[in-house]
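Asks: One structure follows; several queries about it will come next.
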Amino acid sequence: MKVLLYLFFILLLTLSLSAANILQNPGFENWSGDTLNYWAAESNCTIAKDSNIVHSGNYSVSITTTSTSNKGVYQLIPVIAGDTFVFSAWVYSSEAGSGTGMGILITWRNADTSYAGISTSTVYNTIVNTWELLIDTIIIPDTAKLADIKVRGYQNNGFAGYTDDISFDQMPVGIIGISKLENVNLSFSKSILKVSNPRNINLNISVIDMAGIIRYKSTVSTSTNLNINLIKGVYFVVVSNSQDRLIEKISVIR
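Each residue of the sequence shown is one higher than the one before, counting from 69 in the working numbering.
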């Protein structure tokens with residue numbers, strides 16, 4: 069049966085117009101002395117105010133693990149199942165990857181803050197000694213009442229890096245696009261996702277279904293055509309580099 073693919077191009081709006089960051093103190097500017105307000109450090113982790121290596125504003129947060137790795141800063145946010153969010157954070161580290169660098173993830177919790185049994189996959193930094201934007205697109209699972217937003221260091225018993233400007237952006241109904249990726253354009257027809265990338269920048273491309281499952285993933289550095297076979301449904305196409313992101317919605321109708 070012929071598959072009809074329709075790409076709903078949504079007006080690409082700036083982040084401030086198209087999504088609402090529901091985190092408190094997302095840029096780490098609010099402190100009581102040396103105590104970070106609205107955020108907390110996990111056990112076996114030390115966080116500190118830093119004014120030398122910042123992404124924006126006056127301060128960032130440095131993360132040092134004091135025993136095992138996989139520790140960092142977190143904030144609990146009430147959530148509603150089925151809502152769509154984009155979780156992002158800027159990180160800076162002299163190391164990269166799961167063993168020594170920085171990463172973001174969400175642990176889902178029950179209303180009493182107990183573990184709900186699932187977490188997102190960790191997104192790790194891939195470049196060193198510069199600020200990198202880590203991004204994950206998320207649909208809140210049925211069992212979750214709270215999102216435990218985490219930025220972690222993966223250095224074992226040592227200094228891991230810095231984080232700044234964290235966002236947990238709820239996507240309003242009917243507004244899908246978020247983009248600062250100049251000149252990058254998408255078109256989708258007959259299972260082919262056409263990526264126009266005239267500046268030949270490195271782009272990470274993911275196609276995510278409404279359950280939050282990644283159905284396709286690729287990295288490109290030129291304009292290209294990607295062959296993507298999808299069953300009937302609605303999907304998000306997420307395009308990102310180390311700094312910005314673009315999100316568009318596609319609908320597959322059989």
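Using N, Cα and C, we set each Cβ at its ideal position, and we do this for glycine too.
What you are looking at is a predicted structure, and each value in this text was computed from that prediction instead of being measured.
Which same chain residues end up closer than 7 angstroms to Asn126 when comparing Cβ atoms and leaving out the 5 residues on each side of it in sequence?
Replies: The residue given as residue 126 occupies position 58 in the sequence shown. Same-chain partners within the cutoff: Glu97, Ser119.
Asks: Judging by CA-CA distance, which residue of Ser100, Tyr303, Cys113 is the nearest neighbour of Ala228?
Replies: Start at 1 with the first residue of the sequence shown, and residue 228 comes out as number 160. Taking only the C-alpha atoms, the option nearest Ala228 is Cys113.
Asks: What would DSSP say about Gly301, mapped onto helix, strand or coil?
Replies: Numbered from 1 along the sequence shown, position 233 holds the residue referred to as residue 301. Residue state, collapsed to three classes: strand.
Asks: Does Tyr192 pass the burial test, meaning 16 or more other C-beta atoms within 10 Å, or should it be called exposed?
Replies: If you number the sequence shown from 1, residue 192 lands on position 124. So Tyr192 counts as buried.
Asks: Does the structure place the segment 247-256 close enough to the segment 208-220 that three or more beta carbon pairs sit under 8 angstroms?
Replies: No: fewer than three Cβ pairs fall under 8 angstroms.
Asks: Of the choices Lys258, Tyr222, Ile206, whose alpha-carbon is the least far from that of Ile131?
Replies: Here residue 131 refers to the residue found at position 63 of the sequence shown. For Ile131, the nearest C-alpha among the options comes from Tyr222.
Asks: Hey, Leu202 and Gln311 are a contact pair by Cβ (cut 8 angstroms); roughly how many whole angstroms apart?
Replies: Here the question's residue 202 lines up with position 134 in the sequence shown. Here the question's residue 311 lines up with position 243 in the sequence shown. Their Cβ separation, rounded to whole angstroms, is 11 angstroms, which puts Leu202 and Gln311 out of contact at 8 angstroms.
Asks: Find out if the Cβ-Cβ distance for the pair Thr133, Gly226 is shorter than 8 angstroms.
Replies: Here residue 133 refers to the residue found at position 65 when the sequence shown is read from its first residue. Here residue 226 refers to the residue found at position 158 when the sequence shown is read from its first residue. In this structure, Gly226 lies closer than 8 angstroms to Thr133 by Cβ.
Asks: Among Asp237, Thr205, Tyr160, Asn138, whose alpha-carbon lies nearest the alpha-carbon of Ile145?
Replies: Start at 1 with the first residue of the sequence shown, and residue 145 comes out as number 77. It is Asp237 whose Cα lies nearest to the Cα of Ile145.
Asks: Going by DSSP in three states, Glu316 sits in which element: helix, strand or coil?
Replies: On the sequence shown, position 248 is the one that residue 316 refers to. Correct three-state label for Glu316: strand.
Asks: If I'm right that Thr205 touches Ile315 with Cβ under 8 angstroms, what's the distance once you round it to whole angstroms?
Replies: Here residue 205 is taken as the residue at index 137 of the sequence shown, counted from 1. Here residue 315 is taken as the residue at index 247 of the sequence shown, counted from 1. So it is a contact: roughly 7 angstroms between Cβ atoms.
Asks: Would you identify the three-state DSSP class for Gln143, choosing helix, strand or coil?
Replies: By 1-based counting over the sequence shown, the position of residue 143 is 75. Correct three-state label for Gln143: strand.
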